[in-house]
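Undergrad: For this note's numbering, add 862 to where a residue sits in the sequence shown, where the first one is 1.
Take this structure, written in structure tokens, and hold onto it; I'll ask about it next.
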Amino acid sequence: MGKILDIILVVFLLGIGFVSCGDDGCMENRSSIPLIAFYSDADTTQRVAIDSLTVWGIGQINDSLLLDTASVNQFMAPLRDGVDTTKYVLRYDQENLNPRYKFDTLTFVYHSYVKFESAECGAMFNYVIDDFRYTTHQLVSATLLTKEIDNLNIENVKLFYHVEEAE
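Given below as structure tokens:
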């Protein structure tokens, strides 16, 4: 009788093991990171690339260099866990700029909450932006499109710049 119970127990445990293993796995993006994109202030639907842009975090403990003299039309700006504010410096490295206007700062004030996604993916931090501030040295204006930052790959912030038309 004891041997039959042992066999039943083994079969039961194997069955639970097979049922609990999802064959899909977690294919979703598990990071809630704001996507920031650049636009022309004259045509707010026209995406523009910023040449020679460097971006880093203020007050970060580890290396926070996100971009190093890159030509981009968007970037991801991770928010820090355990604090309520994250700041980024945007340095415009074009040669013809007045040094006084080479820097802009983006400030995100937020609170986070934990969202359970699924058994395969587990939980993740999402963020709600309470305040968004920016300087306007090269930047003309900015718009926070979504107050809630989740794992969807959508634009959360639009930065608008004056664009000179090439002759």
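All C-beta atoms, glycine included, are put in the ideal place defined by N, C-alpha and C.
Give the range of the beta strand (DSSP E) segment to which residue 977 is assigned.
TA: Its beta strand (DSSP E) spans residues 965 to 980.
Undergrad: Is the distance from the Cβ of residue 989 to the Cβ of residue 910 below 8 Å?
TA: No, the pair does not count as a contact, with Cβ atoms beyond the cut-off.
Undergrad: Using the Cα positions of residue 921 and residue 981, report the straight-line distance between them to the nearest angstrom.
TA: In a straight line, the C-alpha of residue 921 is about 35 Å away from that of residue 981.
Undergrad: Can you tell which of 927, 1000, 976, 967 has its C-alpha closest to the C-alpha of residue 958?
TA: The candidate whose alpha carbon is nearest that of residue 958 is 1000.
Undergrad: With DSSP as the reference, label residue 962 as helix, strand or coil.
TA: The answer is helix: DSSP assigns residue 962 an H, G or I state.
Undergrad: What did DSSP end up calling residue 1009 once you bin it into helix, strand or coil?
TA: Three-state result, residue 1009: coil.
Undergrad: Would you call the stretch 892 to 902 and the stretch 928 to 947 touching, i.e. three or more CB-CB distances under 8 Å?
TA: Counting Cβ pairs under 8 Å, three or more are found: they touch.
Undergrad: Below 7 Å, is the gap between the Cβ of residue 1016 and the nearest heavy atom of the ligand MN?
TA: What this structure holds is no ligand at all, so the ligand MN is not there to describe.
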